[in-house]
Every structure is written in C-alpha cells, then in structure tokens.
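This report concerns only the one structure given below.
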Amino acid sequence: MSNVIKWNAMGTALKPQFKGKDFLALTDFNTDEIFYILKEAQELKSLQKQGKPHPYLSGKVLGMIFEKASTRTRVSFEVGMLQLGGHAIFLSPKDLQLGRGESISDTAKVLSRYIDCMMIRTFSHSTAEELAEHATIPVVNGLTDIHHPVQVMADLLTIQEHKGKLAGLKMCYLGDGNNNVTHSLIEGAAKVGMHISVASPPGYLPNGKITEKAIETGKLTGSKITITHNPVEAIKDADIVVTDVWTSMGLEAEAEKRLKDFAAYQVNAEICQHAKPDYIFLHCLPAHRGEEVTAEIIDGPHSVVFDEAENRLHAQKAILKLLLE
Ligand code: CP
Ligand code: NVA
C-alpha cells in the first residue's frame, strides 16, 4: 500500500483497475483506490451540478435487492443509474423467488444473465459474499449487519469537501461500536490516514478482528485507532463527530435495553464542547432526535448531514462507473 499523500502529490498515478470487482467492504480496496473513487465522485458531482450529461453507463442495468428498509440507498442508487444513462430495478425478496426459498447462488447466476451489476442490502454479510461468489457481475454492498461501505465513501467525500483533507484529522464516533457504520468508518479511516476514536458502552465495542486489521493498516497510513468506553476522551479535540442509531435494523427487540445502555453516549451540546470549535457533525440517517443525538446538534450549525446524504448519490455513481465502465 502506498501513502495517500504521496499519491495525491504525484497526480499521475496509474488508474486503478476496478472493472468487474465487487464492492463489499472497504478492506477490498487500497488507499490509492479509495482516493481514486473520491476523485471520480467529485468529478461526477461537478458534471451533475453544471447540468452536463454524463451517460457513462448507457444501456447498463443495476438490480437492487433490499431485504431491509431504505430511503437514501434505494433512491440514490436508482437516480444515480438514471443520471449515468442506465437503469435500476428494485427487487424485493417479497416478490422474488428468493423469498420463497430459491437459493442465493441460483439467484446470482440467473440475474447475472440479465443485468450488469447487483446491489444488495441484507442481514448477514455472508449472504452478500455468497451472492458475489456466484454472480459473474459486480456485487455492491448496500448495507449488511457488519459493513456499510457505500455510506462511508459518501462520508469521506463530505469530510474532504468540508475540511479539505482526510489524513491527520480526528474523527470521533459515539454510540454503538458494534454496527455496520462504525466498522466501515474504522476501515475507511485506517485506509485514508484519519484518526478515529470510538466510544461505546461495555458489550457494544467494535468487532475485534476489524479493529485489529485497521490498526495494522493504520501503521502504514498514519491512522490511529482508539477504542474506549470514555466518550469525553473520544471526542476531545475531534474534527468530526459521528453517531448512528442505537438500535440498527433487525435488533428492534433490544431497543428498550439499548436506550438505557447508550444514554451516556448521546451527542449533545455538552459533550460537543470537548470537540474542536469547528467540528462537523455526521450521521448516516435516519436519525432519532433525543436518542443518539439532540435536535440542537443535528439541526445546528456544525451539522453536515444533508450534504452527507446528497453525497451518497455522487459516491455511488463513482463506484458504479468504475466497476462497470
Ligand atoms: N444511510 C442509509 O443507508 O439510509 P437508508 O437506510 O435510508 O438507505
Ligand atoms: N446502523 C444502521 C444504519 C442505517 C442506515 C442500521 O443498520 O439500521
């Protein structure tokens, strides 16, 4: 892996090869590739803002399997394909034979004969991996219980836009460490040389293997990964403050217990006094005001959550273009 700053300064680095790859987790990509996707996203965003057509995926079709609810992922992928000159098909397991017991492998093989790319939002990460193993077309992870990589590409784009850089910044995440968004943030931060401090209550720390691997990556990129139970320590001098829902999709039965367990990890005005004065606040949304974040913070001057939501569109268009073009 090469250093991110070195790559940026060179500017002439060879274009990484993305075509035909899957996009399941950020660990599948090196630092150069992540920065390349961000550059592509900026260019596509600029074209779209100027109203310039950019039909790079003319005639291409994305199939989207959703086993969980979605607002942003569904709409941004669908609109993204349209803006790229292609088409997206929403596939609900309720309507697919998958919902009546057809295997993932047969579904992967059949869909590969019709469409050019698949996106899946599902529960077990192994389902997305199985789909990718049997598909002959790229498979993109639109959220599993373990990873949410397309979200974090949008987050990195948003931070880059607001802070002008990624390497050397300090991100603080307060709340459920053992969730998809946190894992992808840890992996993403490690890749781009950003420090990340995660504060979670006992029993909700991030996956140990993901953390260990990120610490190893961080040794190469200069990223420091800190996992703690202490929210004040984690947020101290942070450039970026992030949280996510305390109860992720599929864990609704634990919601009441989680409200109590996470009470000391709310992002509110008091704790944010410990962040840098110019910190930005991110949340992948949907948010629960009064739980993981107060309205004062998410609707306040430090919040960039709607830029972040918009950047889902631009980041995912870049990913689709690079995997398919
Ligand atoms: N952040 C995110 O993935 O939102 P949706 O669940 O609405 O897709
Ligand atoms: N961690 C949340 C993210 C939602 C986009 C969940 O899995 O429900």
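Under the working numbering, the first residue of the sequence shown is numbered 15, with each subsequent residue one higher. The C-beta atom is built at its ideal place from N, Cα and C for all residues, glycine as well.
- Between Cys298 and Asp253, the C-beta gap is not smaller than 8 angstroms, which leaves the two residues out of contact.
- With respect to the 8 angstroms criterion, Leu171 and Asn194 are not classified as neighbours on the basis of their beta carbons.
- Around the beta carbon of Ala168, 16 or more other beta carbons lie within 10 angstroms, which makes this residue buried.
- Distance from the C-beta of Gln330 to the nearest heavy atom of the ligand CP is not below 7 angstroms.
- Runs of the alpha helix (DSSP H) lying entirely within the stretch 93–151, each at least 4 residues long, are 118–128, 139–148 in chain order.
- Under the 8 angstroms Cβ criterion, the stretch 117–128 does not count as touching the stretch 87–100, having fewer than three qualifying pairs.
- In the three-state DSSP reduction, Tyr279 falls in the helix class (H, G or I).
- Distances from the CB of Cys298 to the heavy atoms of the ligand NVA include at least one below 7 angstroms.
- Between Gly191 and Ile129, the gap from beta carbon to beta carbon reaches 8 angstroms or more.
- Contact between Pro300 and Ala278 is ruled out by a C-beta separation of about 22 angstroms, above the 8 angstroms threshold.
- Between the alpha carbons of Ala248 and Gly314 lies a distance of about 21 angstroms.
- Here Glu201 is actually not in contact with Leu52; their C-beta atoms are around 15 angstroms apart, not less than 8 angstroms.
- In this structure, the CA atom of Thr45 is about 27 angstroms from the CA atom of Lys250.
- A distance below 6 angstroms between beta-carbons, with the five flanking residues on each side excluded, links Lys74 to the following residues of its chain, in chain order: Gly100, Asp130, Leu338.
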